[in-house]
Amino acid sequence: MHNTLGKPQAHPSGVPHEAAWPQPAFFHALRGATVVAANTVEAIHAATKEVLTAMVTRNDIPVEAIASIFFTVTPDLNAAFPAKAARQLGWRHIALMCATEIAVPGAMPSCLRVLVHFNATRPREAYQPVYLNGAEQLLADDPS
3 MHNTLGKPQA HPSGVPHEAA WPQPAFFHAL RGATVVAANT VEAIHAATKE VLTAMVTRND
63 IPVEAIASIF FTVTPDLNAA FPAKAARQLG WRHIALMCAT EIAVPGAMPS CLRVLVHFNA
123 TRPREAYQPV YLNGAEQLLA DDPS
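Residue numbers for the sequence shown follow the numbering used here, so the first one is 3 and each next one is one higher.
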C-alpha cells in the first residue's frame with residue numbers, strides 16, 4: 003500500500019505491506035474441472051471438494067493464498083451450488099461465485115469447471131491444471 007505521495011504505507015498490523023509476501027509475488031489463475039456423477043446435492047458437493055482438494059494439493063497452494071474461486075456448471079447440474087462445498091471445507095475467507103455454462107450443443111454434460119485465483123511466489127509454469135473423472139478430454143479443446 004502506498005500513500006498519496008507514493009511512499010510505502012504501514013499495513014494496519016504495523017508491518018509494511020511489501021513485507022507481507024516474499025518477493026517476487028505473482029497472481030495466478032488455475033483451471034480445474036471434473037465430471038459430476040449425478041445431479042444431486044451430494045454428488046455436486048463431493049465432486050467440488052475432490053477437484054478443489056486436488057488442485058491445492060497437487061500444486062502446493064496454501065488455502066490462505068487463494069483470493070477467489072469462480073465455479074461454472076453445465077445447465078444439467080442445478081441441484082446445488084458448488085461454492086457451498088468450498089464453505090464446507092472451511093474456506094470462509096475466499097470470495098466465491100457460481101454460474102451456468104452456455105448450453106452449447108454437443109458440449110460435455112455434467113461438467114463442473116473451476117478457476118482458482120491465488121497469490122504465489124512461483125511463476126505460472128510451476129502450476130498445472132487439474133482435470134478429473136473424464137474432464138481430461140477438455141484439454142483437447144484447450145491445450146494451454
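From the three backbone atoms N, C-alpha and C, an ideal C-beta is built for every residue, glycine too.
Classification of residue i by the beta-carbon crowding that lies within 10 angstroms, buried from 16 upward
| i | result |
| --- | --- |
| Ser70 | exposed |
| Met57 | buried |
| Ala1 | Residue 1 is absent from the model: the chain starts at 3 and stops at 146. |
| Ala97 | exposed |
Straight-line gap, residue i to residue j (C-alpha atoms, nearest Å)
| i | j | result |
| --- | --- | --- |
| Ala105 | Thr76 | 7 angstroms |
| Ala39 | Ile46 | 8 angstroms |
| Phe28 | Thr123 | 6 angstroms |
| Pro131 | Ala81 | 26 angstroms |
| Ala67 | Val43 | 28 angstroms |
| Thr59 | Gly108 | 32 angstroms |
Expected contact under 8 angstroms - CB spacing of residue i and residue j to nearest Å
| i | j | result |
| --- | --- | --- |
| Lys51 | Ala101 | About 19 angstroms; that fails the 8 angstroms criterion. |
| Ala35 | Arg115 | 5 angstroms |
| Ala31 | His119 | 5 angstroms |
| Leu141 | Tyr129 | Not confirmed; about 15 angstroms, so no contact. |
| Asn135 | Leu79 | Going by Cβ atoms, the distance from Asn135 to Leu79 rounds to 13 angstroms, so no, they are not a contact pair. |
| Leu117 | Leu91 | Leu117 to Leu91, Cβ: 17 angstroms. No contact. |
Closest residue to residue i among the options (Cα-Cα distance)
| i | options | result |
| --- | --- | --- |
| Pro111 | Glu103, Ile96, Trp93 | Glu103 |
ask   = What runs of the beta strand (DSSP E), each 3 residues or longer, lie entirely inside the segment 69 to 129?
value = 97 to 102, 113 to 122
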